[in-house]
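Structure, as structure tokens:
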Amino acid sequence: MYTLYYSPRACSLATQVILRELGQQVALINKSTIESFADINPVGSIPVLLDGEKTLTEGAAIILYLLHKHRSSMLPKEADDYQQAVQDIMFANATVHPAYSRLFFITQNMSAGVAQTDAMKAAAQHLTQLWLVVESRLSKQPFLGGGVPSAADILLAVYAHWGSFFPVEIIIGTRAQSMISYVESMESFQLAVAAEQSQTDELAS
Ligand SMILES: N[C@@H](CCC(=O)N[C@@H](CS)C(=O)NCC(=O)O)C(=O)O
Numbered sequence: 001m002y003t004l005y006y007s008p009r010a011c012s013l014a015t016q017v018i019l020r021e022l023g024q025q026v027a028l029i030n031k032s033t034i035e036s037f038a039d040i041n042p043v044g045s046i047p048v049l050l051d052g053e054k055t056l057t058e059g060a061a062i063i064l065y066l067l068h069k070h071r072s073s074m075l076p077k078e079a080d081d082y083q084q085a086v087q088d089i090m091f092a093n094a095t096v097h098p099a100y101s102r103l104f105f106i107t108q109n110m111s112a113g114v115a116q117t118d119a120m121k122a123a124a125q126h127l128t129q130l131w132l133v134v135e136s137r138l139s140k141q142p143f144l145g146g147g148v149p150s151a152a153d154i155l156l157a158v159y160a161h162w163g164s165f166f167p168v169e170i171i172i173g174t175r176a177q178s179m180i181s182y183v184e185s186m187e188s189f190q191l192a193v194a195a196e197q198s199q200t201d202e203l204a205s
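Numbered according to UniProt numbering, the sequence shown terminates at residue 205, and the numbering increases by one at each position without gaps.
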């Protein structure tokens with residue numbers, strides 16, 4: 001049994017989906033319920049995963065660890081396929097995630113006005129470019145993982161939702177949109193969202 005520290009609809013949702021894809025049990029702890037989260041992760045970010053005595057941080061590292069440990073086909077053995085899978089995970093986690101994080105940062109740290117609007121537009125344009133890269137990758141296959149969703153597809157589907165929080169246009173092509181819709185319809189994804197929601201409802205009552 002793993003324990004996952006999460007925030008609703010944050011990147012930790014992808015970790016939970018992947019744990020479910022791997023058939024693993026997971027207990028969820030909402031970060032907001034922890035008084036001193038810095039004691040758990042001094043960086044302050046989620047996901048944080050507890051595996052027995054071990055405390056794991058950094059989303060991509062956690063996912064690679066889980067795929068390796070549970071011998072998942074989402075982490076292929078053959079060198080070229082392995083390299084592509086890791087590159088895709090890093091593209092999602094280290095390139096697309098921070099590009100979305102910019103929107104949160106601008107909203108939280110710049111006063112409303114022309115400068116903020118321009119910064120938001122520039123961030124959205126960058127995201128549109130990144131989704132074009134995804135669109136191009138999907139010209140020959142439905143998922144970054146080929147015929148089936150990979151960890152990177154799951155990460156991207158989680159991030160794509162964040163665009164709806166902001167008054168900007170981020171263009172996601174039809175192939176990427178189909179990939180996202182498929183991942184969102186997966187049982188593991190639906191159960192993960194429902195598990196977060198049920199805790200949120202409990203906290204509110
Ligand atoms: N490099 C970290 C960054 C993770 C990250 O930015 N997480 C966001 C949520 S998606 C976060 O924890 N933000 C602060 C917060 O929610 O309080 C990782 O990949 O795990």
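For each residue, glycine too, the CB sits at the ideal point set by N, CA and C.
Proximity test, residue i beta-carbon vs ligand 1 heavy atom, cut-off 7 angstroms
{"i": "Ser-185", "result": "no"}
{"i": "Asn-30", "result": "no"}
{"i": "Glu-58", "result": "yes"}
{"i": "Gly-163", "result": "no"}
{"i": "Pro-42", "result": "no"}
{"i": "Ser-101", "result": "yes"}
{"i": "Ile-154", "result": "no"}
{"i": "Pro-8", "result": "no"}
Straight-line Cα distance separating residue j from residue i
{"i": "Ala-119", "j": "Ile-106", "result": "7 angstroms"}
{"i": "Ala-60", "j": "Ala-194", "result": "23 angstroms"}
{"i": "Val-133", "j": "Ala-152", "result": "13 angstroms"}
{"i": "Val-148", "j": "Pro-142", "result": "8 angstroms"}
{"i": "Leu-156", "j": "Ile-46", "result": "17 angstroms"}
{"i": "Val-48", "j": "Arg-137", "result": "30 angstroms"}
{"i": "Ser-139", "j": "Leu-130", "result": "15 angstroms"}
{"i": "Met-186", "j": "Phe-91", "result": "22 angstroms"}
{"i": "Leu-13", "j": "Ala-94", "result": "16 angstroms"}
{"i": "Ser-205", "j": "Tyr-6", "result": "19 angstroms"}
{"i": "Glu-196", "j": "Ile-154", "result": "16 angstroms"}
{"i": "Gly-173", "j": "Met-179", "result": "10 angstroms"}
{"i": "Val-183", "j": "Arg-71", "result": "21 angstroms"}
{"i": "Ala-123", "j": "Leu-103", "result": "7 angstroms"}
{"i": "Leu-50", "j": "Tyr-2", "result": "6 angstroms"}
Residue nearest to residue i in terms of C-alpha spacing, selected from the options
{"i": "Phe-165", "options": "Ser-101, Asp-39 and Ala-38", "result": "Ser-101"}
{"i": "Gln-177", "options": "Arg-71, Glu-187, His-68 and His-161", "result": "His-161"}
{"i": "Thr-57", "options": "Lys-69, Ile-40, Ser-72 and Arg-71", "result": "Ile-40"}
{"i": "Leu-67", "options": "Leu-127, Val-17, Ser-198 and Leu-203", "result": "Val-17"}
{"i": "Tyr-82", "options": "Gly-146, Leu-19, Ala-122 and Pro-167", "result": "Gly-146"}
{"i": "Leu-144", "options": "Lys-54, Ser-36 and Leu-75", "result": "Leu-75"}
Bounding residues of the alpha helix (DSSP H) (the contiguous stretch that carries residue i)
{"i": "Lys-121", "result": "114 to 137"}
{"i": "residue 206", "result": "Only positions 1 to 205 of the chain appear in the structure, and residue 206 is not among them; the question remains open."}
{"i": "Met-179", "result": "174 to 185"}
{"i": "Val-158", "result": "151 to 160"}
Proximity test, Cβ basis, 8 angstroms: residue i and chain C
{"i": "Phe-189", "result": "Of the protein chains in the structure, only one exists, and it is not chain C."}
**Those runs of the beta strand (DSSP E) which lie wholly inside the UniProt domain "GST N-terminal" (1 to 74) and span at least 3 residues** = 2 to 6, 26 to 30, 48 to 51 and 54 to 57, all fully within the UniProt domain "GST N-terminal" (1 to 74).
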